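Single-structure report; data block below.
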C-alpha cells in the first residue's frame, strides 16, 4: 500500500507553479518632425494588437473573478515612448483613421462573403473599444493601466535594460553596464513609484559577472535561457525547474524548453494552426491604391493595417490561395489548444513532482509580448482562456517570481553560463558579418562618454545639457534592436541610419563641448528627437558613481 | 533662378518624403521650371529631379566666377545643415586611439577588430618594411599560469579592413590577442594588447559537491552532488521566440570566415 498511494499523495499535495512572463519591448522610435513616420507605426500596431488586448483580457478576467497571475517586463524605452505626448496624439489619430477604414470596409464587404463582412464589423468594434480604453478610460496613459493591474496584485511588472543594450558586448565597460541598469531602475521608479524587483535581461543575454551589477542595484532576480543552467558552473540539481542563486545573491530562473516549444515552435506550435488568422495577408496590400492610400504610409509604400480577412489555411499555400478567416472556428481552436497545453503541463508537473524531492516544480515560460496579438492574433484570447480553464486545476497554479521566492527556504548556489535566447543560444544574432561594423563606433563613443563623465564634475547648465544628451545618444545606439534588424534583413536601412545618427549626434555634441561653442539650436533639436530619460543625468556613466 | 526663393521646407520634403502633386508644383515653380498643365505627377517629379541634380552638379563644380552659382552652393549647404530626425552622415573611418578588441560570438568563434592612430600607422609602416603585421591569439591556461599557448596567428596587411573572425579551439577558455610586428625570422613584437575574454561553454561541467544557501540562516552549506538524470533530457538549445520571429522573416544563418 505504501508505495503507490503515498507517491500519489505526495504528487497531489504539490502543485506545480507556472511563471508566465511577457517581455514587452520596442526600440525607441521618435520622429516628431514628421507627421507620419513608417517605423513609428510599430508602436501603434503593438498597442492595438498586443498591449491594449492584454489590458482587455485583464479586465475581462477580473470582471468574472477569474484569478490570474503573470509577469510583464516593460522595457524602459517602451515606457518612455508611452509617455510622449506627440506619440500619444499620433496614436489617437491612427486609431480614428483605422476606424474610418473599417467603416468603409463594412460598406464595401456587404456584397462579399458574409464572413468578411462580419470581420469588418468585428474589427470596427475592437478598434472602438481600443479607443475607449486608450482615450477615455486611461486618458492616453497606457502605463496607468499596467500600474492598475500591478497594484491589484494580478501582474508583477519588472524592468529590462535601459535601452535594451546587449550587455555581453559591453563587459569591458562596467560604467556602460551600470548605466543601462541604472537608467532602467530610475525609469521604473519614475513611473511605478517603486524599485523594480526583477529584470528581464534584453535578449536574455547574460555573462558571468552581470549578476554583480544587478545585485548592486538591488535587483532580486533575473532569467536565463535553458542552457545557461545546463552549462552552469555547478549543474543545478533540479534542472530548470527551481531557481538558483548566484554567489552575488541574485536569484535566477531558467526557461522551460517544453513550454516554449508548445506555444511557439514554427513546426508544432499552436499559432500555426490552419484556423488561425494569417499575418501576412492584409488589406494594406490587397486593396487598390486609391482606396487604401489614406490608411497606409503617405509615401504610398504599402504596409499592414491590421485588417486581415484570411486564415492560415495551409502553411504551404501561397497568400492568394488563403481561405476566409472564421472567428468562431478560431475561438474553437483556442479552446482546444488551451486544453492541450494544460494537459501537457499537468503531465509534465506530475512527472517533475515525482523526481523533485519535496520541492514544487516551477515552470518558467517567457515570451516576447508582441508575439501575443501582433504575430499570433488569437494569442491574448489564448491567455485569457488559459486562466479560465486552469483555475480549477488540482495540479497547477500560475504564479510570479516574488511569490515563488518568498516560499523558498533552501536554494542551490552557482553561476549560470553565458547565453542568450537568440538563434544558436549565444551572441551570433547580434554579432555577425551583417552588423559587426557598428561595434567599433559604439565602443568608441561609450569610452568617450565615460571619459567625459569622469572629467566634467561641475559643468555649467548648458554643458550639463550637452552631456545629458550625449548620454542619451550613447544609450540609444547601444539598443540590441539595430544589429537584430540588420541580421533579419527587415528594415536594414532604418537600423543603419539610426546607428549613424546617434554616433554623429554624439560626436557633434562632443565637439561643441570641446570647442566651447555650444550650438543651442542643434542641441535643442537633438533633445527634441532623442527625448528619452529626461529625469536622468550623465553622471550614471562616471566611474565613481555610487548606487543610492 | 533665385535660390533664395527656394522654399527650404518644401525642398526638404522632396528629399525625404514623397511630396504631393501640389507640393511638387510649388517646388517646380520655385526652381523656375515651366510646367505644362497636363503634366502628371511622375512627369513633374522627373523634371524636378533633373533640375535639382543639375543644380547640385553645378554647385560642385568650381565656378567662383559665377557668383550666382556660389550663392547657390552655399544655400544648398545650408539646406543640408537643416537636420531631419532621419538624416545621417557617414561615420568616421577610424579613431585616434589604438585598440584591439576581442568579442566572443559563441563557444568557438571570436570577432576581432582593431584600430590605430595615424601616428601608429606611420610608425608601423616604418617597422614593417622587412616584416609583417600579425595578430596572435593566445590561450591562457587556468592550471598553469605560465603555460600560455599560441593558438592562432594571422598575417595582415597594414591597410586591411580592421576586423575579422577567428575559430577558437576550445569553449569555456580564456584568450588574449596581440597585434604586432613579425620579422622574417618569425620574431614577434607585440604592439597592441587586446582585452581578455572567456568563451561561453558548450559542454556540461562536473563536480562532486553542491553549494546550498539556507535563506533563513543566511548560511551556505555543502552537500554531495546529487544527479537527477531525468531533468537533463533536454534539447541543447531550446527554440527561442526570436528564432521563430526571424524564421518568419526568412532569416538565414550567418557564416563566419576568418578571411
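Protein chains in written order, with this note's numbering: chain A, 108 to 655; chain B, 2 to 260.
We put the beta carbon where it would ideally sit given N, CA and C, even for glycine.
Note that the structure is predicted; figures quoted are calculated from it, not measured.
The beta carbons of residue 126 of chain A and residue 471 of chain A sit closer together than 9 Å. DSSP places residue 628 of chain A in the helix class (H, G or I) of the three-state scheme. In this structure residue 451 of chain A touches residue 369 of chain A by the C-beta definition: roughly 6 Å separates them, less than 8 Å. When DSSP states are grouped into helix, strand and coil, residue 291 of chain A belongs to the helix group. Bounds of the alpha helix (DSSP H) holding residue 546 of chain A are 544–562. Looking at the backbone, the Cα of residue 242 of chain A and that of residue 639 of chain A are separated by about 23 Å. Check the Cα spacing between residue 483 of chain A and each of A:152, A:289, A:307: the tightest is with A:152.
In the structure shown, residue 497 of chain A falls within a helical segment according to DSSP collapsed to helix, strand and coil. In terms of Cα proximity to residue 524 of chain A, the closest of B:189, B:225, B:118, B:206 is B:206. Residue 112 of chain B has B:104, B:166 as its beta-bridge partners, per DSSP.
At a C-beta separation below 8 Å, residue 164 of chain B has these neighbours in chain A: 543, 544, 547. Boundaries of the alpha helix (DSSP H) around residue 439 of chain A: 434–462. By the Cβ test, the stretch 266–277 of chain A is in contact with the stretch 298–311 of chain A, since at least three Cβ pairs between them sit closer than 8 Å. At a cut-off of 9 Å, the C-beta of residue 142 of chain B has no neighbouring C-beta in chain A.
At a cut-off of 9 Å between beta carbons, residue 126 of chain B makes no contact with chain A. Within the stretch 84–111 of chain B, those residues whose Cβ lies closer than 9 Å to any Cβ of chain A are, in chain order, 84, 85, 86, 87, 88, 89, 90, 91, 92, 93, 95, 96, 98, 100, 102, 104, 105, 106, 107, 108, 110.
In terms of beta-carbon proximity, residue 639 of chain A stays away from the interface with chain B, with every pair separated by 9 Å or more. Separation of residue 492 of chain A and residue 448 of chain A (C-alpha to C-alpha, rounded to the nearest whole angstrom) is 11 Å. With 16 or more other Cβ atoms inside 10 Å of its own Cβ, residue 163 of chain B counts as buried.
Taking the Cα of residue 165 of chain B as reference, the smallest distance to any Cα among B:87, B:116, B:46, B:199 is reached at B:116. For a Cβ distance threshold of 9 Å, nothing in chain B lies close to residue 228 of chain A: the least Cβ distance comes to about 29 Å. At a cut-off of 9 Å between beta-carbon atoms, residue 118 of chain B makes no contact with chain A. Between residue 419 of chain A and residue 428 of chain A, the C-beta gap is not smaller than 9 Å, which leaves the two residues out of contact. In the DSSP assignment, residue 313 of chain A forms a beta bridge with A:526.
Taking residue 223 of chain A as the centre and dropping the five residues before and after it, the same chain places the C-beta of 216, 416, 431 closer than 7 Å to its C-beta, in chain order.
For the pair residue 91 of chain B and residue 610 of chain A, the Cα-to-Cα distance works out to about 10 Å.
Residue state for residue 173 of chain B is assigned as coil, using DSSP reduced to three classes.
With a threshold of 9 Å between beta carbons, residue 228 of chain B makes contact with chain A.
Note: residue 519 of chain A is bridge-paired with B:213 in the DSSP secondary-structure output. A distance below 8 Å between beta-carbons, with the five flanking residues on each side excluded, links residue 396 of chain A to the following residues of its chain, in chain order: 407. For residue 475 of chain A, the enclosing beta strand (DSSP E) stretches over residues 469–475. With a cutoff of 9 Å on beta-carbon distance, residue 573 of chain A and residue 620 of chain A are scored as near each other. Residues of chain B whose Cβ lies closer than 7 Å to the Cβ of residue 279 of chain A are, in chain order, 196. Identification of chain A residues near residue 217 of chain B by a Cβ-Cβ cut-off of 8 Å yields 516, ordered along the chain.
Nearest Cα to residue 347 of chain A within the set A:553, A:338, A:570: A:338. Under a criterion of Cβ atoms nearer than 7 Å, the residues of chain B adjacent to residue 604 of chain A are, in order, 87, 89.
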